[in-house]
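K.L.:
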DNA sequence: CGTCGACGACAAGGACCTTCATGGCGTCAG
DNA sequence: CTGACGCCATGAAGGTCCTTGTCGTCGACG
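Residue numbers (the numbering used here), protein chains in the order written: chain A, 1 to 219; chain B, 220 to 438.
See the structure below:
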């Protein structure tokens, strides 16, 4: 699947490009609205990730000129509430607010592509007796609903998406927390602790001392 | 596969270059950011190993100017990790913290190259009735899980990767321990002892007196 | 408009584990 | 037989992780 990333900040652009490559997308980037239009014509992406705030043409203008040929994931700043409305009116498929977390972006991108391929399907993540309905924002263990805060939910989603694999705290921080978070990784320990408490017995999140955490049934 | 190594410390540079050559990479080195840019253009590497802290251009700047054309493995100091790598990963595929162990670097390099070729892999190392799932950080003997500390795990991984070959204690120390470790090689004896105890019977790690250790079935 | 509760961030302690040095003892080779 | 080498036990030092408590912010609700 081909994704075009458009942002005028090189850092963000590269961050997104590399992250999307890591999850197996073919990525092209553009640093301005004009470039974006050219790149879209030539590259023929399945989706465009598009910053709203750019110098030459703003994201909406670019989207308009792309003329609904491609699904768009907008990147917007928090304070521009009006932008959201405009973005959705223009037929944008979705948006994320800066500063986003990488996991958030990847999930939205996948969601949009899934939607345009086979609409109205519901993503169910499952591991052992644990299941998560992402769309409904619902988590159940043995059928019993578990209430989670947003961060707890995101963390669990990330663990579920990588079930069985050991994830380092740095990795989790990089993926689940916003990219401008500058605290240290002990925050992850706390959230793992909260999750464990809410998810109950038997424990599903295992500590691999000196390495990280993983979702695994205690054999 | 071609790797470009960029570091302004000649020792580190040579250490890395030699190690990577040993595992059959074609290696070119550069001692500064500027050199790196020139060398990359001319050499066309498959991957760049890039020190973050350099005099003229720092690693991030170099990575930016390389413009995502090559995957990058960053080398960073511990205190730099929290500060700058997080969120400012300019398209880096990965990073290792100085002082690293050589095995660590080799594994990351291979992982990145494997990843960009065929993603979503799960590396399984196997020898006799012993198997290691690197991603899950899990070791089983005859299907029975074995709990290992990080160093024990790394040592076993190295032995597995070189199964059948006799490895000297010095070699093991050089590969598995961080390059600034200054104790003596008796530490290897201790860890071999720990491993043997945890892996149980029949013994898989054989002593070759006066030479080193090797993974071999006791036939 | 004020209060309250939920949530996120963070720090601090203590329990536990890992790493590593040291040195005695067994064992192998010459 | 004897020295060199490797095995193993012990313990100190430091690190990692869990758990709890606190504080500030934000939104809901009275």
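Virtual Cβ for every residue (Gly too), placed ideally from N, Cα, C.
Where does residue 181/B fall in DSSP's three states?
P.N.:
Here chain B has residues from 220 to 438 only, and residue 181/B is not among them.
K.L.:
With 8 Å as the threshold, decide whether the Cβ of residue 369/B is near any Cβ in chain A.
P.N.:
One-based indexing of the second chain puts residue 369/B at position 150. Yes, residue 369/B counts as interfacial toward chain A.
K.L.:
Does the region 153-169 of chain A come into contact with the region 355-364 of chain B, if we say contact requires no fewer than three beta-carbon pairs (one atom in each stretch) closer than 8 Å?
P.N.:
Output reads yes: the region 355-364 of chain B touches the region 153-169 of chain A.
K.L.:
Decide if the region 190-202 of chain A is in contact with the region 234-253 of chain B; the criterion is three or more beta carbon pairs, one per stretch, under 8 Å apart.
P.N.:
In short, these stretches do not touch, since the Cβ pair count stays below three.
K.L.:
Is residue 71/A close to chain B? Criterion is C-beta to C-beta, closer than 8 Å.
P.N.:
Your numbering for residue 71/A matches position 71 in the first chain. No - not a single Cβ of chain B is within 8 Å of the one on residue 71/A.
K.L.:
Since residue 10/A meets chain B, which of its residues come closer than 7 Å, beta carbon to beta carbon?
P.N.:
Locating residue 10/A in the first chain gives position 10, where the first residue counts as 1. What residue 10/A touches in chain B: 283.
K.L.:
What does residue 293/B pair with, by DSSP beta-bridge criteria?
P.N.:
The residue given as residue 293/B occupies position 74 in the second chain. Answer is 269/B, 314/B.
K.L.:
Just checking: is the beta-carbon of residue 14/A within a distance shorter than 8 Å of some beta-carbon in chain B?
P.N.:
On the first chain, residue 14/A is found 14 positions in, with the first residue counted as 1. Closer than 8 Å: yes.
K.L.:
Using C-beta distances below 7 Å, list every residue in its chain close to residue 396/B, excluding the 5 sequence neighbours before and after it, in chain order.
P.N.:
For the purposes of this step, residue 396/B is taken as the residue at position 177 of the second chain. Counting only Cβ-Cβ distances below 7 Å, and skipping sequence neighbours, we find 320.
K.L.:
Looking at chain B, which residues of the region 144-168 of chain A have a Cβ within less than 8 Å of any of its Cβ atoms?
P.N.:
Within the region 144-168 of chain A, the qualifying residues are 164, 165, 166.
K.L.:
Quick one: measure Cβ to Cβ for residue 270/B and residue 227/B, integer angstroms, because I've assumed they're closer than 8 Å.
P.N.:
The sequence position of residue 270/B within the second chain is 51, counting from 1. The sequence position of residue 227/B within the second chain is 8, counting from 1. Indeed they touch by this definition, with Cβ atoms about 7 Å apart.
K.L.:
Tell me residue 132/A's beta-bridge partners as DSSP assigns them.
P.N.:
As a working mapping, residue 132/A is identified with position 132 in the first chain. For residue 132/A, which the question treats as bridged, DSSP gives the partners 125/A, 139/A.
K.L.:
To the nearest angstrom, how far is it from the Cα of residue 317/B to the Cα of residue 290/B?
P.N.:
The residue you call residue 317/B lines up with position 98 of the second chain. The residue you call residue 290/B lines up with position 71 of the second chain. Distance between the alpha carbons of residue 317/B and residue 290/B is about 19 Å.
K.L.:
Can you pull the chain A residues whose beta carbon is under 7 Å from the beta carbon of residue 355/B, in chain order?
P.N.:
For the purposes of this step, residue 355/B is identified with residue 136 of the second chain, where counting begins at 1. Those within 7 Å of residue 355/B in chain A are 164, 165, 166, 214.
K.L.:
Would you say residue 210/A faces chain B, with C-beta separation under 8 Å as the test?
P.N.:
Counted from its first residue, the first chain places residue 210/A at position 210. Closer than 8 Å to some Cβ of chain B, the Cβ of residue 210/A qualifies, so yes.
K.L.:
Looking at the strands, I want to know which residues DSSP matches up with residue 245/B.
P.N.:
By one-based count along the second chain, residue 245/B stands at place 26. DSSP output for residue 245/B lists 221/B as bridge partner(s).
K.L.:
Looking at residue 259/B: is its Cβ nearer than 8 Å to the Cβ of residue 235/B?
P.N.:
Taking the second chain and counting its residues from 1, one reaches residue 259/B at position 40. Taking the second chain and counting its residues from 1, one reaches residue 235/B at position 16. No, Cβ-Cβ distance for residue 259/B and residue 235/B is not below 8 Å.
K.L.:
Count the other CB atoms within 10 Å of the CB of residue 430/B; is the residue buried (16 or more) or exposed (fewer)?
P.N.:
In the second chain, the residue the question calls residue 430/B occupies position 211. Result: exposed.
K.L.:
Shortest alpha-carbon distance to residue 296/B belongs to which of 283/B, 285/B, 277/B, 284/B?
P.N.:
Taking the first residue of the second chain as position 1, residue 296/B is located at position 77. That would be 277/B, whose Cα lies nearest to the Cα of residue 296/B.
K.L.:
With DSSP collapsed to three states, give me the class of residue 395/B.
P.N.:
For the purposes of this step, residue 395/B is taken as the residue at position 176 of the second chain. Residue 395/B falls in the helix class under three-state DSSP.
K.L.:
Leaving out five residues before and five after residue 180/A in sequence, what residues of the same chain have Cβ atoms less than 8 Å from its Cβ?
P.N.:
As a position in the first chain, residue 180/A is number 180, starting the count at 1. Result list for residue 180/A: 99, in chain order.
K.L.:
Give me the DSSP bridge partner(s) of residue 188/A.
P.N.:
To locate residue 188/A, count along the first chain from 1; it is residue 188. DSSP output for residue 188/A lists no bridge partner at all.
K.L.:
Taking only beta-carbon atoms, is residue 142/A less than 8 Å away from chain B?
P.N.:
Counting from 1 along the first chain, the entry for residue 142/A is found at position 142. No, because no Cβ of chain B sits closer than 8 Å to the Cβ of residue 142/A.
K.L.:
Check for me: the beta strand (DSSP E) holding residue 434/B runs from which residue to which?
P.N.:
Position 215 of the second chain holds residue 434/B. Note, residue 434/B: beta strand (DSSP E), 431-434.
K.L.:
Do residue 367/B and residue 423/B have their C-beta atoms closer together than 8 Å?
P.N.:
For the purposes of this step, residue 367/B is taken as residue 148 along the second chain, with counting starting at 1. For the purposes of this step, residue 423/B is taken as residue 204 along the second chain, with counting starting at 1. Cβ atoms of residue 367/B and residue 423/B: not closer than 8 Å.
K.L.:
Starting from residue 145/A, follow the beta strand (DSSP E) in both directions and report where the run begins and ends.
P.N.:
Taking the first chain and counting its residues from 1, the one referred to as residue 145/A is at position 145. Its beta strand (DSSP E) spans residues 144-146.
K.L.:
What number of angstroms, rounded off, separates the C-alpha of residue 307/B from the C-alpha of residue 63/A?
P.N.:
Locating residue 307/B in the second chain gives position 88, counting from the first residue. Locating residue 63/A in the first chain gives position 63, counting from the first residue. For residue 307/B, the predicted structure reports a pLDDT of 43, less than 50, and the residue's modelled location is therefore unreliable. The matter cannot be settled from this model.
K.L.:
Residue 281/B lies in the alpha helix (DSSP H); which residues open and close that run?
P.N.:
Counting from one through the second chain, the residue named residue 281/B turns up at place 62. It spans 278-285 - the alpha helix (DSSP H) in which residue 281/B sits, taken as one unbroken run.
K.L.:
Would you give the residue range spanned by the alpha helix (DSSP H) that residue 201/A belongs to?
P.N.:
Looking up residue 201/A in the first chain gives position 201. Careful: residue 201/A lies outside any alpha helix (DSSP H) and carries neither H nor E.
K.L.:
On the premise that residue 315/B lies in contact with residue 239/B, defined as a C-beta separation below 8 Å, what is that separation, rounded to the nearest angstrom?
P.N.:
Against the second chain, residue 239/B aligns to sequence position 20. Against the second chain, residue 315/B aligns to sequence position 96. Rounded, the Cβ-Cβ distance is 13 Å, inconsistent with contact.
K.L.:
Whole angstroms are fine: how far does the CA of residue 36/A sit from the CA of residue 44/A?
P.N.:
For the purposes of this step, residue 44/A is taken as residue 44 along the first chain, with counting starting at 1. For the purposes of this step, residue 36/A is taken as residue 36 along the first chain, with counting starting at 1. Distance between the alpha carbons of residue 44/A and residue 36/A: 11 Å.
K.L.:
Hey, how far is the Cα of residue 53/A from the Cα of residue 207/A?
P.N.:
As a position in the first chain, residue 53/A is number 53, starting the count at 1. As a position in the first chain, residue 207/A is number 207, starting the count at 1. Residue 53/A and residue 207/A: Cα-Cα distance of roughly 42 Å.
K.L.:
Please classify residue 394/B as buried or exposed, where buried requires at least 16 neighbouring CB atoms within 10 angstroms.
P.N.:
One-based indexing of the second chain puts residue 394/B at position 175. Flag for residue 394/B reads buried.
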